[in-house]
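Under the numbering used here, the first residue of the sequence shown carries the number 317, and numbering increases by one thereafter.
Just so it is clear, CB atoms sit at the ideal spot from N, CA and C, and this is done for glycine as well.
Every value quoted in this text rests on a predicted model; they were computed, and no experiment measured them.
See below for the structure under consideration.
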Amino acid sequence: MRQWPRLRRTGWIALALLPLLVLAAAWFGPRLTNWDQHRDRLAILAAGRLGQPVALAGPVSLTLLPQPMLEAGGVTVGGPDAQISVTARALRLRLDWLALLGLRLEPREVALVGAEIRLPWPPAPGQAFRPPPWLTELQGRIQDSRVMLGGITLEQVQASLVAAGPSDALGLRGHFRFRQTEFDFETVLGRAGPDGVAPLNLTLSGAKASLSASGVLLPEGGFEGVAQGGGSDLAALLPAPPGSFRLRGRLSLTAELLTADELNLDIGGSPARGAATLRLAPSPRLDLALATGRVDLDPWIAALRSAGPLPLPFGVDLSAEAASYRGLTLRRLRGAALLENDRLTLRDVGALLPGDTEVSLNGATTTRPGPGRPARLEGWLRFQGTALRTTLLALGLPLEGTDPARLREGEGQLKLLLDEAQLAVSDFTGTLDGGRVSGAGVWRFGGRPALGLGLTFEDLRLDGWWPEGAGWAGARQRLAAIDLNLRLNAEHARYGALVLEGLSADASLENGRLTARRIGARMAESDLALSGVVQLGEAPRFTDLAFEVTAPRAAPLMALLPGPWPDGVALGQGALALRLAASGAFEALAVRGNLELGDLRGEVNGTLDLRQPRYAGALTLRHPGAPRLLEEMGLSAPAWLGQGSFSLIANLAAAPRELRAEGLDVVAAGLRLGGQLGLDLAALRPLLTGRLAAERLPLPDPDWRSREPLPLEMLGWLDAELALSAQRLEPATLPPLEQASARLLLRDRVLRLEEMQALLTGGRLAGALELNAAAMPRALDLRLDVSDLALTGPLTGLPIDLTAGQMEAGLRLHATGHSPAAMLATLSGEGQVAVRDGVLRGADLRAAAMAAELPALDQAEAGLRAALLGGATAFEALEAGVRLEAGRILLQDGRLAVGDAAEAVPGGAALAATLSGEFDPARGGMELLLATRPADPPGGSPGGPGFGLRLTGPLNQLRRVPELADWLRWRATR
């Protein structure tokens, strides 16, 4: 009996320890049991519950506490032909306690740990999207897994599946990571009705955005519904700029295609309409079509360049009424782009640039642009516009100051190649300003950009491209920062009124060194060529600069010179060869050149300062025949010039507004000239100044009867101030003049010769001349004074002439008219002539006075006739007045003081005579009367009427008629 309490105490202790023993057995028993031998049974059990073949390759363990859990490693769900393929690090089955007590394994929850789930896409056509029977009461979880849906991979998937029963909705919720972005999702799939339609709601949130879709699953295998969403940062989802967005539209899904249409979007405050399509078969592709009023392309392009690789091809079709790109406003932007792997394809991208220039682009990139990924765009660009200049200015080309007539309109197409290093253009064809253009070019980027161009023009205008007023500093500034390789060809080129044919230019610019390998053209039947090297800088330097002009005849090229000369002159029919060479610094360029024009040879050798600019050097011209050179220049060689060669030597100093010739030495046959000349071009009219001195200067005999207008147009070309001198001046019909000088002034088409003076046979001539070519009609004024002129021979060559004496004279003349004949016919003026101690040839007045005293009438008459028709008369003084009217010269108040006649006539008084008459130079007629009368005898009785000699008729047929009738009648009555 005493053992009973002990037994009872032991029983209570055992009863108290039994749960612990049971718990210990439940905890340690399964763990100490090797369950691998039941691997196949467990795989069959799992396959039955999952409806898919299950293979277990890892260890199997069972735990009963805290809840029954069966775990197997190395899990593979699905066979080789299964639509769903699942591999997992572990499969955990939470078992039902009641089934387990009945020695049955009834999984209530399935958990896949570290699974890789491959879901087929697209799904099989006609799939009803109904859950399998085994899933109706199953609760499942996915932990730390990866899901691959077609080509899309979801990382770090944590999800739970809840299916309360066959009539309840199937819920799936959890989160995953996609492209380094965390997303939460929740899906509720309702049970299908009798018609097979099942409701579906999907909510997806992440990356500061959310999207919800609601609709139905169709029994034939698809989805239709609506979708809406939004977010605060679109850049977190797509290669787009940061900013909020909202969307709403209709959504439809089939096995091959997901479509969102009738989309209303708000992107960064800009409304847009569009549609999106996700094509799932045969290969995934996302397409987006957008239509908006305005879009800023810069942030979109920047986002595209910085975006990582996309999981599937992405296409966008954009339509915008206005767009901005790098400050440039584009209108009516249209285009499509496809981004596939690293290739971006552009199709029918078109827009209106500023100036309404239409552009369109089709092309593709070999590599999508991005950091560390150099892109290469190849495509075709087309353009067309009527205001290209406005477009190019908007694009940043420095066209300010150039001719507005350049780059007005054009159209064309070109092949474009753009990468990180260069922009290359090939196969360019088009028209610019009405002329065809073709060629290629390349622009290389970098710290020192380089441009290469090869263009062919049908018609090229060369002027107007350089800004007005941009000098050497402006050129250096524009060209210093780039390198250039240029090859140009033009069928026709124009510079102002100059026309060039077959222009070709081959030049380069490298590190500030401009090299013209050859620039050639044909102008006015002449071949032109230029070559050389220029080193740009603050002080540019030229090397081997050469310019050549050759032509079989120079006339077409000379016709381009301003003015009527030298058009049509024979000099232009000779062959032309001009060669210039230069080297040196910008401010001291050594220039050498030679000219061959027919038989004319020229040389220049000097220094050119391009900074001023100014030239200083020697000029030499030579020709074997001076008269022939004048004739070849269209001028008549005067007979007095004689025969001989021509040479001109001078030291020239030339500037833009000034030309000076020092040490001028001209030899033209018998003519010798020296001195200096200066031409000032700064005045309103060019001003010619200087001095000219000649050893011997013959003067031509003018044709005063010519009716041709005087060539006075050249007097309007310039003004002049010249000092003229000649050691010997040889007028054609007058005695030579010594030490002749004058000051020539030409102002406003009025030519004046002032301070004219010369020496003639011991006497002095002084005067002035004015020729007014501005007056209508032309006017000529002449003043001439003669003093102490010693007559040593016949003065006029007339039958009655002065052959000796000291002469003084003054003459004032005025004439008007356009031709020499008109001026001669309008000649007017007055003058005086005085001669002392002279001899009158052609009549012996003393002999006539003595004959008049003979007693016999017949002897007296014979003596008078003989004395009046010959001999000479020495006289003391001769004075006469000259008046000119309407071209006629009238001799008035002419008095001849012969002296005392007492030796000839005893008791006679001083003998005197009168001169009167008229000379008409225009007609060549003359009327001159030399008259005298016998002196009155002593006692006051009259001496009788006078007698004399009359010259009448043309100058070449003058008749000498004695005037004796009155005296003979008087003598007969005595």
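Cβ separation of Asp-500 and Ser-476, assumed to be a contact under 8 Å, to the nearest whole Å: That belief does not hold up - the Cβ atoms of Asp-500 and Ser-476 are roughly 12 Å apart, past 8 Å.
field: Candidates Pro-1016, Gln-959, Ala-934, of which the one nearest Arg-976 by Cα
entry: For Arg-976, the closest C-alpha among the options Pro-1016, Gln-959, Ala-934 is that of Ala-934.
message: According to DSSP, simplified to helix, strand and coil, what is Ser-530?
response: Ser-530: strand per DSSP, three-state reduction.
field: Nearest residue (CA-CA) to Arg-1287, options Ala-1190, Ala-1213, Thr-1268, Leu-1180
entry: Of Ala-1190, Ala-1213, Thr-1268, Leu-1180, the residue nearest in Cα terms is Leu-1180.
field: 4-residue-minimum alpha helix (DSSP H) runs that sit fully inside the stretch 804 to 836, ordered along the chain
entry: Assignment of alpha helix (DSSP H) within the stretch 804 to 836, counting only whole runs of 4 or more residues, yields no such run.
- request: Closer than 6 Å by C-beta to Leu-711: which residues in its own chain qualify, once you throw out the five before and the five after it? Chain order, please.
  value: Cβ neighbours of Leu-711 beyond the five flanking positions: none.
field: Limits of the beta strand (DSSP E) - the one that Glu-974 falls within
entry: For Glu-974, the enclosing beta strand (DSSP E) stretches over residues 974 to 984.
task: Can you check DSSP and say which residues form a bridge with Phe-492?
output: DSSP, once it has assigned bridges, lists Phe-499 as partnering Phe-492.
- prompt: Is DSSP giving Ala-1131 helix, strand or coil here?
  reply: Strand at Ala-1131.
- request: Find the nearest neighbour of Leu-1145 within the set Leu-1271, Arg-1099, Arg-1152, judged by alpha-carbon distance.
  value: It should be pointed out that residue 1145 corresponds to Gly in this sequence rather than to Leu. Ranking the options by Cα distance to Gly-1145, first place goes to Arg-1099.
- prompt: Once you ignore the five residues that flank Asn-921 on each side, which residues in its own chain have a CB closer than 6 Å to its CB?
  reply: Excluding sequence positions up to five before and after Asn-921, its CB lies within less than 6 Å of the CB of Arg-908, Gly-933, Ala-934, all in the same chain and listed in chain order.
- request: Report the rounded CA-to-CA distance for Gln-1148 versus Ala-1229, giving the unit in angstroms.
  value: Each residue's alpha carbon lies about 17 Å from the other.
Enclosing alpha helix (DSSP H) for Arg-944 [first to last residue]: It spans 942 to 948 - the alpha helix (DSSP H) in which Arg-944 sits, taken as one unbroken run.
task: Put Val-718 into one of helix, strand or coil per three-state DSSP.
output: According to the sequence displayed, residue 718 carries Thr and not Val. Secondary structure at Thr-718: coil, using DSSP grouped into helix, strand and coil.
task: Please name the residue in Arg-869, Leu-887, Arg-833 whose C-alpha comes closest to that of Leu-861.
output: Out of Arg-869, Leu-887, Arg-833, Arg-833 has the C-alpha closest to the C-alpha of Leu-861.
task: With DSSP as the reference, label Leu-734 as helix, strand or coil.
output: Three-state DSSP puts Leu-734 in a strand.
query: At what residues does the alpha helix (DSSP H) containing Ala-1168 begin and finish?
result: Ala-1168 -> alpha helix (DSSP H) spans 1161 to 1168.
message: So Arg-1021 and Ala-1137 are supposed to be a Cβ contact under 8 Å. How far apart are they, rounded?
response: In this structure Arg-1021 touches Ala-1137 by the C-beta definition: roughly 5 Å separates them, less than 8 Å.
task: Name the residue from Leu-1085, Arg-1007, Glu-1169 whose alpha carbon lies nearest to the alpha carbon of Leu-1129.
output: For Leu-1129, the nearest C-alpha among the options comes from Leu-1085.
query: Contact between the stretch 1187 to 1200 and the stretch 1111 to 1127: three or more CB pairs below 8 Å?
result: Yes: the two stretches touch, three or more of their Cβ pairs being nearer than 8 Å.
- prompt: Roughly how many angstroms separate the alpha carbons of Leu-896 and Leu-644, rounded to a whole number?
  reply: Leu-896 and Leu-644: Cα-Cα distance of roughly 49 Å.
query: Taking Cβ to Cβ, would you say Glu-1037 is nearer than 7 Å to Leu-1061?
result: Yes; because the gap between Cβ atoms is below 7 Å, this pair is in contact.
- request: Determine the extent of the alpha helix (DSSP H) in which Pro-1294 is found, giving its start and end residues.
  value: Absent from the structure is residue 1294, since the part of the chain shown begins at 317 and ends at 1290.
- request: Could you tell me the distance, in whole angstroms, from the CA atom of Ser-769 to the CA atom of Val-741?
  value: In the sequence as presented, Ser is not what sits at residue 769; that position holds Leu. So the alpha carbons of these two residues sit roughly 9 Å apart.
field: 7 Å Cβ cutoff met for Leu-1271 and Gly-1233
entry: Between Leu-1271 and Gly-1233, the CB-CB gap reaches or exceeds 7 Å.
C-alpha distance - Gly-900 paired with Phe-962, whole-angstrom precision: Cα-Cα distance, rounded: 33 Å.
- prompt: Rounded to a whole number of angstroms, what is the C-alpha to C-alpha distance between Leu-372 and Val-393?
  reply: If I take the Cα positions, the gap works out to 9 Å.
message: Using the three-state DSSP reduction, which class does Leu-613 fall into: helix, strand or coil?
response: DSSP places Leu-613 in helix when its eight states are reduced to three.
message: So, under 8 Å CB-CB, Ala-680 and Arg-659 are touching, yes? Tell me the CB distance rounded to an integer number of Å.
response: The beta-carbon distance between Ala-680 and Arg-659, rounded to whole angstroms, is 6 Å. This is short enough to meet the 8 Å contact definition.
message: Check this for me: beta carbons of Ala-404 and Leu-386, under 7 Å apart or not?
response: In this structure, Leu-386 does not lie closer than 7 Å to Ala-404 by Cβ.
message: Which residue wins for smallest C-alpha separation from Gly-890, given the options Arg-869, Glu-725, Asn-910?
response: Taking Gly-890 as reference, the option from Arg-869, Glu-725, Asn-910 with the minimal CA-CA separation is Arg-869.
field: CB contact flag (Ala-1183, Ala-1202, <7 Å)
entry: No, the Cβ-Cβ distance between Ala-1183 and Ala-1202 is not below 7 Å.
query: Can you tell me the Cα-Cα spacing of His-939 and Gly-918, whole angstroms?
result: Whole-angstrom Cα-Cα distance: 9 Å.
message: Which of the three DSSP states is assigned to Trp-696 in this structure?
response: Taken through DSSP and simplified to helix, strand or coil, Trp-696 comes out as strand.
- prompt: Ends of the alpha helix (DSSP H) at Asp-1282?
  reply: 1281 to 1288 is the extent of the alpha helix (DSSP H) around Asp-1282.
message: Does Ser-548 pass the burial test, meaning 16 or more other C-beta atoms within 10 Å, or should it be called exposed?
response: By the 10 Å Cβ count, Ser-548 comes out exposed.
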